[in-house]
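In the working numbering, the protein residues as written are 1 to 35.
See the structure below:
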């Protein structure tokens, strides 16, 4: 799961979240463009 300011932004299997994030904020965090 990926949380942002106490909100669940996205959840699912780790591999799916890292390889194909559904939310732009998740993608930005994973790629280092956020946080």
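The beta-carbon is built from N, C-alpha and C at its ideal position, and this holds for glycine as well.
Model, not experiment: these values are computed from the prediction.
Residue interval of the beta strand (DSSP E) (run including residue 34): Element bounds for residue 34: n/a, residue is neither H nor E.
Residues in its own chain within less than 7 angstroms of residue 41 by CB, not counting five upstream and five downstream? It is not possible to answer for residue 41, since the shown part of the chain is limited to 1 through 35.
Can you list, in chain order, the residues of its chain whose CB lies under 7 angstroms from that of residue 22, leaving out five sequence neighbours each side? The answer, listed in chain order, is 10.
When DSSP builds the beta bridges, which residues end up paired with residue 8? Paired residues: 3.
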